[in-house]
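Notes follow once the structure below has been shown.
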Amino acid sequence: MNLKDKLEPLLLKVQKPARYIGGELHSVVKDPAAVDFRIALCFPDTDEIGMSHLGHKILYDIINADEHCWAERAYAPWIDFEKLMRENDIPLYGLESLSPMAEFDVMGFSLQYELSYTNVLNMIDLAGFDPRREFRGEDAPLIIAGGPCAVNPEPLADFIDLFQIGEGEEMMMEMIELYRAHKKKGYKKADFLREAAQIPGIYVPSLYDVEYKEDGTIASVTPKDGAPEKVVKRIVQDMSSAKYPETFIVPYIETVHDRAVLEVMRGCIRGCRFCQAGFIYRPMRAKDPDVLCRQGKSLCESTGYDEMSLSSLSTSDHPQVEELLDRMIDYTNEQKISLSLPSLRVDNFSESLLENISNIRKSGLTIAPEAGNHRMRDVINKNVDEQEIFDTCRIAFEGGYTSVKLYFMSSLPTETVEDVLDIGRLAQKIVEMYFSLEKRPRKMVNVSISVAVFVPKCFTPFQWVGQDTFEMVEEKQKALVDSIRSRKISVAWHDVHTSVLEGVFARGDRKLGAALYNAWKNGCTFDSWTETFCYDKWVKAIADAGLTMEFYASRTRDLDEILPWDMIDVGVSKEFLKREWEKAQCAETTRNCREQCANCGAAKLMTCKKGAVCFE
Ligand code: SF4
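Here the numbering used here is used: the first residue of the sequence shown is 816, the next is one more, and so on.
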């Protein structure tokens, strides 16, 4: 019986069967006999989340543009379908061809968040191979990974053959060319990996020996077989000429971002000290408005989407944002397409920008002050003052908005309980300001506060900091909730257990591979989903590996400690991060890249001037 026949009766028994059938508009089907390289782009979460991921769409488009190569998609099956797959001997398969993974040359994982790691192991196992690279035979596809979490590849070093560090556009095709050349002459994994390690941006964990001290910290990391001491991140030099999909696969079921997504720039000029993306995607590179208008039009026309989103880490920092919006709005108004700008900052939220946005839609306004008082915002280098937050809310209220969502972070370095209470005080002042306005909607206001628990990440100025313990987080949560008296303010808090586990893996070392393997063996998958996350299993898995959460999460590192990710170079220097950490402790701010270059080190990655902030 072929796989299609086997699948049909099973799909009637699962939630959302369309997750598992492929065949969507614009998915790419090729003749397997006409290509000599096949890769499954694997996303370790459900179809609805993976289908929304822009990096996947870009790689899918670039690889499939080569007539010799075929890229397909594979997502983590939800637990109901996984059970049926195992009971019926159905291996993980590519959605375009329904071929089992054994027929692919490469399985390439996108690592977007640490709590998806057990799904990586589970997908390799479902493909019919041992997740541990040491026990995987030559018959298995090469297992590769990239994405933001790959900047600390070490917790997955026991499972992944090769990591791509940085932006995959060019590096992926160079790796594929090398793979095809090895395939022609008789592929041997070890030989291929040795040569692949010479491609800039590629990290092969088996080519690095790690020694530990008695206290568990790293004594040394030694590259072998000619592998580089530092693997330097790859970046796209000119975003305007970089290949971007002219169309997207149109899903059968609603996905998280079910719209035309236009990437307006990469990187961020701000340097908020908690934000890993702000450092690992440096330097900021903007796309030309002409290119953006052409790409936006092409995406909407080819997919039929009636919604377009301008995506980046901070869209209002695009150097030509007003011109871009004017031109986009002309097009979207004419075509009755709604336009959204998910990432706006309060300090450059001008009245005309708001007017433009309010032409588009008047739902809730979302802003991210991140901390409740000025001192804390200086510690994290948010560079926003209270007046700017009030002004933004006032402009929004006067423009007809009645609901504001404020994003905060708690358990930040140097934070006290009083600092957390200032989050509630700020929300209360916004409510009072609403009622003091003459020109405001005659409706009730709603201020909702969402508070994330701070997780220290590598390659940020807070990479050495110990995370708050459970007790400290809980004390702060309770104090804030108890302090809110107004029914016009609502508070939502991120789960502390998942935040601590994220903290463990974000700054973890190779030893954590044993804990990850135990957790997966104990049945952990979909750890970022509340309905499947099981903290107790993780506690046991980490203890059984002879490790503790405290060592990774709440321990403060010495500034001269060898860090697990020290063999990776993302551009920003350790000296710069140390300077920023010292300034944070004195609540001193650093100007944004456009106002004054802080000499972070990322400029060394640029060879091209066009659209880059470092050369402005
Ligand atoms: S080198 Fe200067 S301008 Fe470039 S990203 Fe770093 S701080 Fe910003």
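Every residue, glycine too, gets a C-beta built ideally from N, C-alpha and C.
The ligand SF4 heavy atom lying under 7 Å from the CB of residue i
| i | result |
| --- | --- |
| R1097 | yes |
| C1408 | yes |
| V1296 | no |
| C1412 | yes |
| A955 | no |
| A1418 | yes |
| I1084 | yes |
| C1423 | no |
| C1115 | no |
| V1260 | no |
| V1428 | yes |
| C1090 | no |
| C1087 | no |
| C1273 | no |
| C1415 | yes |
Close beta carbons around residue i, own chain, < 7 Å, minus the five adjacent residues each side
| i | result |
| --- | --- |
| R1074 | Y1120, E1122, M1123 and S1124 |
| F896 | V829 and Y835 |
| P1015 | V1047 and R1049 |
| R1255 | F1212, E1213 and Y1249 |
| Q1400 | T1229 |
| F1348 | T1313 and D1342 |
| D1381 | V1036 |
| R1370 | G1281 |
| I1152 | C1115, D1121, E1122 and M1123 |
| G1031 | F1366 |
Own chain residues within Cβ distance below 6 Å of residue i, not counting five before or after
| i | result |
| --- | --- |
| I975 | I958 and A960 |
| A1307 | S1265 |
| D1283 | S1226 |
| S931 | P859 and D860 |
| G837 | L910 and E911 |
| V843 | N879 |
| A1183 | Y1222 |
Coil, strand or helix - residue i by DSSP
| i | result |
| --- | --- |
| A855 | strand |
| P1184 | strand |
| P1435 | One cannot answer for residue 1435 here, as it falls past the ends of the chain, which runs 816 to 1431. |
| F1348 | coil |
| F1366 | helix |
| T1037 | strand |
| F1089 | coil |
| R1406 | coil |
| D1132 | helix |
| S867 | coil |
| L1221 | strand |
| L1077 | strand |
| Y875 | helix |
| S1021 | helix |
| Y1027 | strand |
| D895 | helix |
| C884 | strand |
| D846 | coil |
CB of residue i within 8 Å of CB of residue j, strictly
| i | j | result |
| --- | --- | --- |
| M938 | T1070 | no |
| C1412 | S1388 | no |
| L977 | I1017 | yes |
| Q1135 | P1104 | yes |
| A972 | G1328 | yes |
| N1196 | C1087 | yes |
| M1080 | A1057 | no |
| L1180 | Y1216 | yes |
| A942 | L913 | no |
| E984 | V1051 | yes |
| I1095 | C1408 | no |
| Y1350 | G1323 | no |
| F1223 | E1185 | yes |
| G870 | L926 | no |
| M987 | Q979 | yes |
| V1025 | R1325 | yes |
Cβ-based neighbour list, residue i, same chain, cut-off 8 Å, excluding 5 preceding and 5 following
| i | result |
| --- | --- |
| M1143 | L1107, C1108, G1111, M1123, L1125 and L1154 |
| T1062 | H841, S1113, L1114, S1117 and T1118 |
| H883 | V850, D851, F852 and R995 |
| K821 | N903 and I905 |
| P892 | R834, Y835, M900, L907 and L941 |
Task: Whole beta strand (DSSP E) elements within the stretch 1247-1273, 3-residue minimum - done: Along the stretch 1247-1273, the beta strand (DSSP E) occurs as fully enclosed runs of 3 or more residues at 1261-1268, listed in sequence order.
Task: Whole runs of the beta strand (DSSP E) within the stretch 900-984, excluding any shorter than 3 residues - done: Correct list: 921-925, 957-961 and 977-979.
Task: Any beta strand (DSSP E) of 3 or more consecutive residues that is wholly inside the stretch 1297-1331 - done: Correct list: 1304-1308.
Task: Minimum length 3: unbroken beta strand (DSSP E) runs contained in the stretch 1100-1129 - done: Within the stretch 1100-1129, the complete beta strand (DSSP E) runs of at least 3 residues are 1122-1126.
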